[in-house]
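**Student:** Sharing a structure with you now.
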Amino acid sequence: MTSQKEVNKVLVKELKQTKTELANCKKSFEVEKNIKNGLYFFILKNDLLNMLRQFRKTNDYQTGDYHIKSLEFLIDNLA
């Protein structure tokens, strides 16, 4: 039979792992957020906002997998 002490040790180990995973997710989120903010600034700085609006009207971000679409585009347009 498992003692409460053993159960507690397992739970503490799982908690440590979960906290590490959470910290990694937060770090990844911040990196992605900064990349996207940089892209938004590029759009604004280069007067591309109207082009983005037109793109948005013809593309549904909720149903398309733009990660895959981006990769396919890059592969198709490699020199």
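Count along the sequence shown from 1, then add 2; that gives the number in this note's numbering.
Even for Gly, the Cβ is constructed at its ideal location relative to N, Cα and C.
Please read these numbers as outputs of a predicted model, since none were measured by experiment.
In the structure shown, what three-state DSSP assignment does M53 receive?
**Tutor:** Helix at M53.
**Student:** Can you tell me whether Y63 is helix, strand or coil according to DSSP?
**Tutor:** Note: Y63 maps to coil in three-state DSSP.
**Student:** With DSSP run on the structure shown, which of helix, strand or coil describes L80?
**Tutor:** The answer is coil: DSSP assigns L80 none of H, G, I, E or B.
**Student:** I'd like the list of long-range same chain contacts for L54, defined as Cβ closer than 8 Å, with 5 residues on each side in sequence excluded.
**Tutor:** Result list for L54: I45, in chain order.
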